[in-house]
Structure formats: C-alpha cells, structure tokens
Amino acid sequence: MWTKWVTIHESYGLPRAAHECRKYLEHQGIRVKLSGRARRSVFLYTLQVPQEQKERAISLLSRCKKQLRDG
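This is the structure in structure tokens:
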C-alpha cells in the first residue's frame, strides 16, 4: 500500500533545525522523510510525515521548535 506523505516543515539555509526536528519526531515514534534540494544558491529542506500521523507530528513539531528557540 502506498503512503501519502505531507509536508509539515520547510527551512532554508543550514540543515540544523530540520535535522533536530527529524530526530525529535523519530524519537517520538513518527516516520519522517527529510529531503533537501538547491533553489538557486539556497538549500530548501522539507520535513514530511505520513498523512495519518500529520496531526500528532504537527503538535510534536511545535514542541520541538519551542525547545530549539529556548535553548
């Protein structure tokens, strides 16, 4: 069966935030795909999760971003 992936986060530049969020979500039991591609001279990183895990992943992602901001 095919898995429909949805994008829950996009970041530009260095991949630190995207990698931290990916590790956090995987630790919480969420399947995650991280892909990066170059747009002109800037890299775009997208974090994708299966559609059935989207709601939980979004709430966990906001918690992860808050932890990254607070240090």
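Start counting the sequence shown at 28; every next residue gets the next number (our numbering).
Note that the Cβ used here is the ideal one computed from N, Cα and C, for glycine as well.
Same chain, Cβ closer than 7 Å to residue i, five either side skipped, listed in chain order
i	result
residue 81	33, 35
Identity of the residues DSSP links to residue i by a beta bridge
i	result
residue 37	73
residue 84	DSSP output for residue 84 lists no bridge partner at all.
residue 63	72
residue 29	BP columns for residue 29 are empty, so no partner.
CA nearest to the CA of residue i, picked from the options
i	options	result
residue 31	52, 58, 41	58
residue 94	48, 28, 53, 41	48
residue 69	28, 29, 39	39
residue 88	66, 62, 56	56
residue 62	92, 51, 45, 90	45
residue 51	84, 96, 67	84
residue 29	86, 78, 96	78
Residues near residue i in its chain [Cβ-Cβ closer than 8 Å; skip 5 each side]
i	result
residue 37	71, 72, 73, 74
residue 53	59
residue 91	47, 48, 51, 52
residue 76	32, 33, 35, 52, 57, 58, 59, 60, 84
N- and C-terminal bounds of the alpha helix (DSSP H) containing residue i
i	result
residue 2	Since the first and last residues shown for the chain are 28 and 98, residue 2 lies out of range.
residue 43	43-54
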